[in-house]
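Worksheet: one structure, shown below.
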Ligand SMILES: C[S@@+](CC[C@H](N)C(=O)[O-])C[C@H]1O[C@@H](n2cnc3c(N)ncnc32)[C@H](O)[C@@H]1O
């Protein structure tokens with residue numbers, strides 16, 4: 001199914017679209033280890049922003065809107081909000097959050113070359129070169145008001161087990177916001193029958209409450225996205 005879509009894009013009259021789709025598809029090949037995925041992004045870092053420009057990928061825009069909605073300017077001093085942009089890549093989301101008045105945004109990504117690009121934006125307070133996994137991050141409990149993930153979920157990307165860490169580093173009353181391609185919920189083996197179940201288990205265990213689950217069109221290329229918002233207890 002995904003390969004069929006890739007072929008259609010490659011054969012499309014717009015060569016640039018086809019190349020961009022292929023570059024993105026290459027980062028999501030089944031069987032890649034987490035280290036291989038990070039290495040792939042490092043090789044792609046120079047062209048990433050051209051390939052996944054706003055006309056092809058709206059993940060950072062959806063994520064910025066989702067965060068901003070939870071911290072309205074009328075009632076919030078956005079300068080006091082501590083955000084961690086997980087899988088920040090080249091920093092698309094950090095730039096957008098800065099434009100919205102969020103001044104304390106940290107970024108985390110395992111690809112050193114993607115982080116090199118993010119560093120040039122001057123949008124982040126701290127940048128961590130780390131994988132999000134079942135391992136404990138060098139970040140204290142309850143540090144952030146909000147953890148946000150845009151495009152960090154996928155084949156060989158952030159595993160279900162990393163959700164525990166997201167909750168640990170967000171203070172009670174804070175948010176975890178995950179923006180991802182909808183079809184990955186069923187096409188990615190790691191997530192199929194597991195990711196939403198894991199979300200529900202944390203809700204049943206009283207760790208967080210789901211605020212919303214919204215499906216949005218044209219998240220990336222022609223694919224729907226899904227935006228999950230959780231409030232940590
Ligand atoms: C599609 S890019 C999204 C980047 C950025 N958030 C954006 O929207 O442009 C996916 C990013 O996830 C990162 N990534 C992959 N596996 C990861 C993991 N296990 N933990 C954290 N980040 C990961 C990659 O290095 C890459 O920068």
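Numbering (our numbering), first residue to last: 1 to 233.
No residue lacks a Cβ here, since even glycine has one placed at the ideal position from N, Cα and C.
Own chain residues within Cβ distance below 8 Å of residue i, not counting five before or after
i	result
residue 39	111
residue 212	227, 228 and 229
C-beta atoms of residue i and residue j nearer than 8 Å
i	j	result
residue 221	residue 21	yes
residue 155	residue 29	yes
residue 257	residue 97	What is shown of the chain runs 1 to 233, which leaves residue 257 out entirely.
residue 133	residue 174	no
residue 149	residue 179	yes
residue 90	residue 48	yes
CA nearest to the CA of residue i, picked from the options
i	options	result
residue 147	154, 102, 85 and 100	85
residue 233	169, 187 and 190	169
residue 203	192, 101, 230 and 191	230
residue 182	152, 47 and 52	152
residue 189	32, 167, 16 and 58	32
residue 171	139, 215 and 198	139
6 Å Cβ shell around residue i - same chain, five flanking residues per side excluded
i	result
residue 92	60
7 Å CB neighbourhood of residue i in its chain, flanking five on each side removed
i	result
residue 217	224
residue 195	160 and 185
residue 94	85, 88, 105, 107, 118, 121, 123 and 124
residue 64	93, 96, 97 and 100
residue 198	160 and 163
C-alpha distance - residue i paired with residue j, whole-angstrom precision
i	j	result
residue 207	residue 23	37 Å
residue 219	residue 142	30 Å
residue 129	residue 76	30 Å
residue 131	residue 162	9 Å
residue 114	residue 99	21 Å
residue 166	residue 19	33 Å
residue 70	residue 81	11 Å
Nearest-angstrom Cβ-Cβ length linking residue i and residue j, presumed shorter than 8 Å
i	j	result
residue 78	residue 62	Between residue 62 and residue 78 the Cβ distance is about 18 Å, and since that is not below 8 Å, they are no contact.
residue 27	residue 37	6 Å
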